[in-house]
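See below for the structure under consideration.
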Amino acid sequence: MQPLIYGFKEHNLKIVIWGADNIGKSVLYSLNLTAPFNKNTVLCFVDKNTSKVGKTFCGKEIKSIEEISTIDFDTIIIANTHGAEIKEYIKQNLKPCTVIDFLSEGLFDPRICTLNLLAEEIHNNKIEGSIAEAGVYKGEFTQYINANFPNRTLYLFDTFEGFAENDIAEDERLNLSNDGRQMFKDTEISLVKEKLKHPDNAIFKKGHFPKTCKGLENEPYCFVSIDFDLYRPTFDAINYFYKNLSVGGYIMIHDYTNENFKGVKKAVLELKPKLGFAYFPISDGGGSIVISK
């Protein structure tokens, strides 16, 4: 499941979002309009609820359905559970345009939208601390983290050379994952950096974790993404970051339910009673969980 932006990033679309509520908010977040490569524009929301018309939602004006014909748009994204009915209305009453049904076409990326909501909570509650990502690869998720926290230092931990041999060997010995010796090698720091909207905020910590934490023993964090896949680095990352997590902060851990990387769940369950944290799952493709403090 890919975030909506992947289908649109080569275009310069003038978008109307049909539905000014939580689904519409998720559409706006998934479009990731703050990304440096994104040339699309959301013109406004439209909604049949007349009590909303004329107000703003997520910084965009809400217009009536009758006003759509006066707008210079080329794409409508339906953010509503009545997609079939709305498509028929558009077909009968509006000019030809691209119509995308956000829900029925499976374009919702829970991981990115959860990140956006957590970032909003952190900003609203003025939670102090830096940001970190442990397991970066090519920076696909990194770009969304960076865009959500434009004024925070972002520490990026990765070998940028694939898995470490001793970590793979331990996973194999414990029957937690298959041979990953050729995985995630095709990356480099420059590839990640060019995707970032705020590259000057990024500090790349290349090497084997947790050795790369040297000098950061007391660094506070308000948001951390852990995506190390293997047991030992995931265990070490949770142990380090939770102890340094600010109250009101969050840790997202990817691949908790991934049957190809069973060491992630093992690390979480072993550390849960020791550190005393609680977590909740989100329904993304990798089976992520969120830890709060």
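Remember, this note's numbering sits 225 above the position in the sequence shown when you count from 1.
All residues carry an ideal CB built from backbone N, CA and C; glycine is no exception.
What residues in its chain sit with their C-beta under 6 Å from that of residue i, if we drop five residues either side in the sequence?
| i | result |
| --- | --- |
| lysine 431 | Phe385 |
| glutamine 227 | With a pLDDT of 39 at glutamine 227, under the threshold of 50, the predicted position of this residue should be treated as unreliable, and no value is reported. |
| serine 579 | The requested residue 579 is not part of the displayed model; the chain covers only 226 to 518. |
| isoleucine 248 | Ala304 |
| aspartate 396 | Ser402, Leu455, Tyr456, Gly488 |
| aspartate 326 | Ile303, Gly308 |
Would you tell me roughly how many angstroms separate the C-alpha atoms of residue i and residue j, rounded to the nearest one?
| i | j | result |
| --- | --- | --- |
| isoleucine 379 | alanine 389 | Going by the sequence as given, residue 379 is leucine instead of isoleucine. Whole-angstrom Cα-Cα distance: 23 Å. |
| proline 506 | threonine 482 | 9 Å |
| histidine 307 | valine 241 | 16 Å |
| valine 449 | phenylalanine 366 | 12 Å |
| glycine 473 | asparagine 373 | 17 Å |
| aspartate 246 | isoleucine 311 | 16 Å |
| isoleucine 293 | lysine 320 | 10 Å |
| threonine 275 | lysine 285 | 16 Å |
| lysine 420 | glutamine 368 | 6 Å |
| asparagine 350 | leucine 441 | 24 Å |
| glycine 291 | tyrosine 314 | The question names glycine, yet the displayed sequence has glutamate at residue 291. Answer to the nearest angstrom: the Cα atoms are 11 Å apart. |
| valine 489 | aspartate 297 | 48 Å |
| histidine 423 | proline 375 | 6 Å |
| valine 271 | lysine 316 | 16 Å |
| leucine 253 | lysine 499 | 39 Å |
| asparagine 443 | isoleucine 347 | 20 Å |
| serine 508 | serine 255 | 15 Å |
| aspartate 392 | cysteine 338 | 31 Å |
| leucine 496 | methionine 408 | 27 Å |
| glycine 405 | isoleucine 287 | 49 Å |
| glutamate 484 | leucine 494 | 15 Å |
| lysine 436 | asparagine 237 | 44 Å |
| alanine 394 | aspartate 425 | 36 Å |
Considering only C-alpha positions, which residue in the set the options is nearest to residue i?
| i | options | result |
| --- | --- | --- |
| threonine 295 | Ala394, Glu310, Asn318 | Asn318 |
| aspartate 299 | Arg377, Glu310, Cys269, Ala309 | Cys269 |
| lysine 273 | Leu256, Val252, Asn305, Thr266 | Asn305 |
| aspartate 452 | Gly387, Lys422, Asp425, Glu395 | Gly387 |
| leucine 328 | Trp243, Met477, Asn400 | Trp243 |
| proline 445 | Lys436, Phe434, Ile352, Gly360 | Ile352 |
| isoleucine 476 | Asp454, Ser513, Asp509, Asn391 | Ser513 |
| lysine 468 | Cys447, Glu346, Asp454 | Cys447 |
| glutamate 358 | Thr459, Gly501, Lys497 | Thr459 |
| lysine 250 | Glu345, Glu413, Arg406 | Glu345 |
I'd like to know whether the C-beta atoms of residue i and residue j end up nearer to each other than 8 Å.
| i | j | result |
| --- | --- | --- |
| lysine 518 | leucine 470 | yes |
| cysteine 438 | tyrosine 465 | yes |
| isoleucine 301 | cysteine 322 | yes |
| serine 402 | phenylalanine 486 | yes |
| glycine 511 | aspartate 461 | no |
| lysine 239 | threonine 266 | yes |
| asparagine 371 | alanine 427 | yes |
| valine 417 | glycine 364 | yes |
| alanine 492 | isoleucine 463 | yes |
| leucine 381 | phenylalanine 429 | yes |
| serine 355 | arginine 336 | no |
| aspartate 334 | valine 361 | no |
Could you give the residue range of the beta strand (DSSP E) that holds residue i?
| i | result |
| --- | --- |
| tyrosine 488 | The question names tyrosine, but residue 488 in the sequence shown is glycine. Glycine 488 -> not in any beta strand (DSSP E); alpha helix (DSSP H) instead, spanning 488-500. |
| leucine 340 | Where leucine 340 is concerned, there is no enclosing beta strand (DSSP E), although the alpha helix (DSSP H) it sits in stretches over 335-349. |
| glutamate 313 | Looking at the DSSP string, glutamate 313 is not in any beta strand (DSSP E); the run it does join, the alpha helix (DSSP H), is 308-318. |
| glycine 473 | 470-478 |
| threonine 323 | 323-326 |
| proline 445 | Looking at the DSSP string, proline 445 is not in any beta strand (DSSP E), and its letter there is neither H nor E. |
Just reading off the alpha helix (DSSP H) that residue i is part of, what are its end residues?
| i | result |
| --- | --- |
| isoleucine 393 | 390-398 |
| threonine 266 | From DSSP, threonine 266 is part of no alpha helix (DSSP H) but of the beta strand (DSSP E) over 266-271. |
| isoleucine 352 | Run containing isoleucine 352: none; DSSP gives neither H nor E here. |
| leucine 256 | 247-256 |
| serine 415 | 414-418 |
| tyrosine 369 | 367-373 |
Could you tell me whether the Cβ of residue i comes closer than 8 Å to any Cβ of chain E?
| i | result |
| --- | --- |
| phenylalanine 409 | Among the protein chains of the structure shown there is no chain E, as only one such chain exists. |
Skipping 5 residues on each side, what residues in its chain have a beta carbon closer than 7 Å to that of residue i?
| i | result |
| --- | --- |
| glutamate 413 | Phe385 |
By Cβ distance, which residues of its chain are closer than 8 Å to residue i, with the 5 residues on each side in sequence left out?
| i | result |
| --- | --- |
| leucine 343 | Phe448, Tyr475, Met477, Val515 |
| leucine 399 | Tyr456, Gly488, Lys491 |
| glycine 501 | none |
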